[in-house]
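Protein chains: 2
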Amino acid sequence: MNYSSAFIPTLREVPADAVIASHRLMFRAGLLRKLANGLFAYLPLGLRSFRKVEQIVREEMDAAGALEIKPTVVVPGELWKESGRWDSIGESMLRVKNRLNNDFVVSPTAEEVFTAIVRDELSSYRQLPIALYQINTKFRDEVRPRYGVMRGREFIMKDAYSWHADDKSLDDTYQAMGRAYRKIFKRCGLSVIPVKADSGAMGGSGSEEFMVESEIGDNTLILCKKCGYAANVEKAACKSDFTAQTSIEAAKDAAKGTPAFEKIDTPNAKTIEELCTFLKTDSKSFIKTLIYRAINVELDLSSAPGCGKLERKKPSPNAPAVYPEAFFAVVIRGDLDVNEIKLASVLKASEAALASDSDVTRLTNAPVGFAGPVGLANLPVIIDHTVTGMNDAVTGALAKDLHYKHVAFGRDFTGWSVDGQLSVDVRTVKAGDLCPQCGGELYTKMGNELGHIFKLGYKYTRSMNVTYLDENGKSQMPVMGCYGIGVDRTLASVIEEHHDEAGIIWPVSIAPYHVIIVPIKYDGKMKEAADKLAAELTQAGIEVLLDDRNERPGVKFNDADLTGIPWRVVIGDKGLSQSDPQVEIKKRTEKENRNIPLNKAAAEFTQKIGEELSSLNN
Amino acid sequence: MNYSSAFIPTLREVPADAVIASHRLMFRAGLLRKLANGLFAYLPLGLRSFRKVEQIVREEMDAAGALEIKPTVVVPGELWKESGRWDSIGESMLRVKNRLNNDFVVSPTAEEVFTAIVRDELSSYRQLPIALYQINTKFRDEVRPRYGVMRGREFIMKDAYSWHADDKSLDDTYQAMGRAYRKIFKRCGLSVIPVKADSGAMGGSGSEEFMVESEIGDNTLILCKKCGYAANVEKAACKSDFTAQTSIEAAKDAAKGTPAFEKIDTPNAKTIEELCTFLKTDSKSFIKTLIYRAINVELDLSSAPGCGKLERKKPSPNAPAVYPEAFFAVVIRGDLDVNEIKLASVLKASEAALASDSDVTRLTNAPVGFAGPVGLANLPVIIDHTVTGMNDAVTGALAKDLHYKHVAFGRDFTGWSVDGQLSVDVRTVKAGDLCPQCGGELYTKMGNELGHIFKLGYKYTRSMNVTYLDENGKSQMPVMGCYGIGVDRTLASVIEEHHDEAGIIWPVSIAPYHVIIVPIKYDGKMKEAADKLAAELTQAGIEVLLDDRNERPGVKFNDADLTGIPWRVVIGDKGLSQSDPQVEIKKRTEKENRNIPLNKAAAEFTQKIGEELSSLNN
């Protein structure tokens, strides 16, 4: 391909809204242009790399035994009503009515569509397992699209789904997908951090996220310096830094030396910091009590205090019944924070967030800042593990300017038991906490999710009523897994990891071209040598960009660096005029160039590029 | 690929709404499933063939010098407002508002987006020509989606656009695209009829449609038995079967022997048939007068009768001004029909349709059925060529139950001259008319459009204000071309052309697999031989489906025929037990099978398939 025909509009200027390297460089190197906020067009150079990532994903999915299909992008709203997500997924889903007033959705993800397809074809256990995928357009109406294609509104996602007769079969496919994902990212030259993650609103359990480190990442990763433990903060655990009690009796025993609790006046002290100062103690002596509002709670609340009048509803005929709204008090040691995702997971809720001030006042009969578990009777109290070890604590006394001291768990209050457990883990793990695996010190990084594999369980097969007949002719429901990769984000992350001041440094596997040939002037003998070398390389399967422009060498070199082509070969009169004509070759990753004979250049590139590809692919 | 893992749910039943072969067979062979009216999911077998068509299109576009890019599917409504099509394109375009209440469009086509991208990058004549394409999702909210993917709502279209400094350059690319299209359809094994077509609402002139014959086609094709003339009825011309006059004077001369026109009573005779019976003459003696309503008329009507008060409006700031609505009388020989597309093209209107009865009554001051050109003063009269030769005709007399006889063009009435012409061609050409090229007899076929190339002119570059600096530093507007192929429809048309009672007969170039291996039983020696042959073929680059199912041979044979794999090889115990083990091979297009030695099978298929591919591709 000749540069002058390749439509590569490189820029010297950086777009004002481009704050991260990949966004800046995709614009500057002419890979991408903006159509609107969060909507981008890939130009020819960008699309070449994009298609290579797509193809790597496709090959590894095929190798993992998944079959590619292609549903539509615009899908019937009816399917989303069946699963119940029409109501629960929120405003990020683009809904549209057609001329007949039918509801449609511009797919943000495709559990419903794939499940509907399989439902119609599945009859016997002999057909299972089934694993299907697509690489197709998705749309999510992000509130704040930014960072270029790293957080765009429309993007291409590879999404795979699988159906199984049993958990063993699901786990086999889940593991195969995990291996395929590691292979995909390796082939793209990416360093990913696989972390255990909460599967959030998707339901089910058993999931792994594939993260890349990123200063603008959406996720906080909790990592261990010693053993390699890695988790999303939404799911991360840590080793106890307290004495936990495992029964009410043990807790009562531990409280034996503690005086009876008593009221203390705490005028104008509402925050834990103010109380610490006032009482001359530290925050670890406080029991923090927070009131949460959870929505779509699947947990059975029939025995929970204050929940007697709540009614369960089914978002769709086959979906499990949920409480549309419920309130909870959560108690935790005063120096710690409650993680809302962990809490939602404990409550089997689609979301948990701090209740409004008016709800807090109504539920605690006290102003905000004075909630406490002692005497709190009209809502379920959820006990974080840390609180079980607290036998001489300070808490709010459910009245203005009043607290209790000498409060002991087990003796003075207990909680509402979730699934028979004395306490649960809803603590936000922080840097400095101890690794749950080895006790080493944990640290944090910000990360962006490129891929996610998880076991969905029966969420969609139940709500959409998918069944098959087992070996005994009995109707059964298959269990599902689901596996996604963001293709655009993967591409952008490669640039984040591989660039320098001058531009992109493509791994050869997804470089738009392997070699850029730069004749000092595209004329006479230099043109002849350039054309001949381009033809030889193309013949050998090497992808070549030939800079035929009438530009100064400096401009051409800058564009070669900016566009990040892995190998550059410069053809000049001086080198050609030698008895054994020479050209100058340079690897994009290296500073130094070297001369080689022109007639050895094709063989040299073919060998080097072959080696690099094979080292990435194997 | 083993059949049992390939998710090929073949059906014995035909879906009730599948009336054409491709629709029936795509469902029966497990290529496709329906998600909703006009929305389909390609299953693995269908997608394999689909991707091959896509790849053929991509290769030929690249070879023609076009560059692939990828804009989004959901695009800003603002761009459509700029071009003026936001208002003119009608309800088939799916419009959607996002959470910020911004307007978006699910792309039905992409002139606007591509033009906007080029506008931002184009500065100098040195960058021209530019040719860009995408192969991407489109959505058109068809009123009556049917015939499977032949007329679906969502589909994949290859759409290319080009920009040029002059008409010569545009024509070069237009011709290159025409050659690419012929190559694409040949490689897919399709017989297409390239026809001159009107470019309709797209604007511009110079266009060619690539049609396939189809009983359910949208288009009527006019074809010549003798010389190969082919045209869409929307544009077809024919040789004169009348004496046309080319000036008013000549028409007056020709009318010298005709008595003065006079009123005749024609009670209860309103239709031409009734008049023929009443006056005992034939329809060729009548001048038919029809009142049309045209919208968005670009033609200058300032001199046209009755149009003095019409106001021009600009649909967008840079678009040409149009009359939103105007009425016209059209006269034509009584045995002929007016073609509304040809009429709209003459009037430079986006649409022309018969006026309502109340409009006719208002404009002619007479009941419907009595319009005529004599004395018709308050709207422009458009003269079809045929009428110039009529010098003793019957016409309506603009009053109930009254006609005129002895009416002569030129003497008794003339028309409003369009662009200085005495008359225009708005006649619908029919079977039996004479070929405009050779005078041979014309016949008709129904056809479906698979591709369309056309010269757009300045419609979008003008309305969206695209400019560049020419060699003299002067600002110029580039001229545009546009080139589309429906990928889904191309695939379905291949099945329409290549099938029999038993199923699909794939051309090897887009067959989902090249060879199906059918062991009578997938067990013992037969399994061994089947696996070995599959491995050998795969090694040679041949795509193999191995029917490993535990089904009766008849079921396997039927599915092999239904799915249309070009070559079948049956492996049975009897053949294997011979001293030189034999297998039975059969081409899908042939009835007879023959035995060949097992150890020659791989070489035989490799050779045959190579030959077939090369005959399609070259």
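Chains as they are written, first to last, in the working numbering: chain A, 23 to 640; chain B, 23 to 640.
Note that CB positions come from ideal geometry on N, CA and C, so glycine has one too.
Name the two residues that bound the continuous beta strand (DSSP E) containing residue i.
| i | result |
| --- | --- |
| R315 (chain B) | I309 to V319 |
| F476 (chain B) | L464 to G479 |
| G418 (chain B) | A415 to G418 |
| C246 (chain B) | N241 to C246 |
| R384 (chain B) | Per DSSP, R384 (chain B) belongs to no beta strand (DSSP E); it is in the alpha helix (DSSP H), D379 to T386. |
| I405 (chain B) | V403 to I405 |
| E373 (chain A) | E373 to L376 |
Would you give the residue range spanned by the alpha helix (DSSP H) that residue i belongs to?
| i | result |
| --- | --- |
| I30 (chain A) | Here I30 (chain A) belongs to no alpha helix (DSSP H), and DSSP marks it neither H nor E. |
| N639 (chain B) | L620 to N639 |
| Q197 (chain B) | D189 to R209 |
Quick check: is the beta carbon of residue i nearer than 9 Å to any beta carbon in chain A?
| i | result |
| --- | --- |
| L61 (chain B) | yes |
| N643 (chain B) | There is no way to answer for residue 643 (chain B), as the model of chain B reaches only from 23 to 640. |
| E237 (chain B) | no |
| G508 (chain B) | no |
| A182 (chain B) | no |
| A223 (chain B) | Bear in mind that the predicted position of A223 (chain B) carries a pLDDT of just 38, short of 50, making it too unreliable to give a figure here. |
| R355 (chain B) | no |
| R10 (chain B) | The question about residue 10 (chain B) has no answer, for chain B in this structure spans 23 to 640. |
| S71 (chain B) | no |
| Y505 (chain B) | no |
| N123 (chain B) | no |
| D142 (chain B) | yes |
| D188 (chain B) | no |
| P66 (chain B) | yes |
How would you list, in chain order, the residues of chain D whose beta-carbon sits under 8 Å from the beta-carbon of residue i?
| i | result |
| --- | --- |
| E176 (chain A) | Here chain D cannot be found, since the structure's protein chains are A and B. |
Taking only beta-carbon atoms, is residue i less than 9 Å away from chain B?
| i | result |
| --- | --- |
| F49 (chain A) | no |
| A58 (chain A) | yes |
| Y25 (chain A) | no |
| A138 (chain A) | yes |
| T483 (chain A) | no |
| L513 (chain A) | no |
| A40 (chain A) | no |
| R34 (chain A) | no |
| S114 (chain A) | yes |
Tell me, which residues are paired with residue i by DSSP?
| i | result |
| --- | --- |
| L54 (chain A) | A:Y64 |
| R168 (chain B) | B:R173 |
| M233 (chain A) | A:I215 and A:E471 |
| Y345 (chain B) | B:V319 |
| M179 (chain A) | A:N158 and A:G508 |
| L567 (chain A) | A:I538 |
| Y426 (chain B) | B:K285 and B:T417 |
| Y490 (chain A) | A:Q498 |
| P98 (chain B) | B:F126 |
Find the nearest neighbour of residue i within the set the options, judged by alpha-carbon distance.
| i | options | result |
| --- | --- | --- |
| P31 (chain B) | B:Q629, B:A582 and B:V592 | B:A582 |
| V96 (chain B) | B:E82, B:F392 and B:A132 | B:A132 |
| E633 (chain A) | A:S105, A:E558 and A:V530 | A:V530 |
| K56 (chain B) | B:L67, B:L598 and B:D39 | B:D39 |
| L89 (chain B) | A:L568, A:L67, A:A430 and A:A43 | A:L67 |
| D522 (chain A) | A:I42, A:A552 and A:V234 | A:I42 |
| A51 (chain B) | B:N615, B:N580 and B:Q600 | B:N580 |
| H647 (chain B) | B:S485, B:T450, B:D434 and B:Y345 | Examination of residue 647 (chain B) is not possible in this model, given that chain B is present from 23 through 640 alone. |
| I238 (chain B) | B:A623, B:L559 and B:S515 | B:S515 |
| R166 (chain B) | B:R175, B:D142, B:G454 and B:T137 | B:R175 |
| R173 (chain B) | B:K74, B:W438 and B:L61 | B:L61 |
| L365 (chain B) | B:G328, B:V255, B:K278 and B:S325 | B:V255 |
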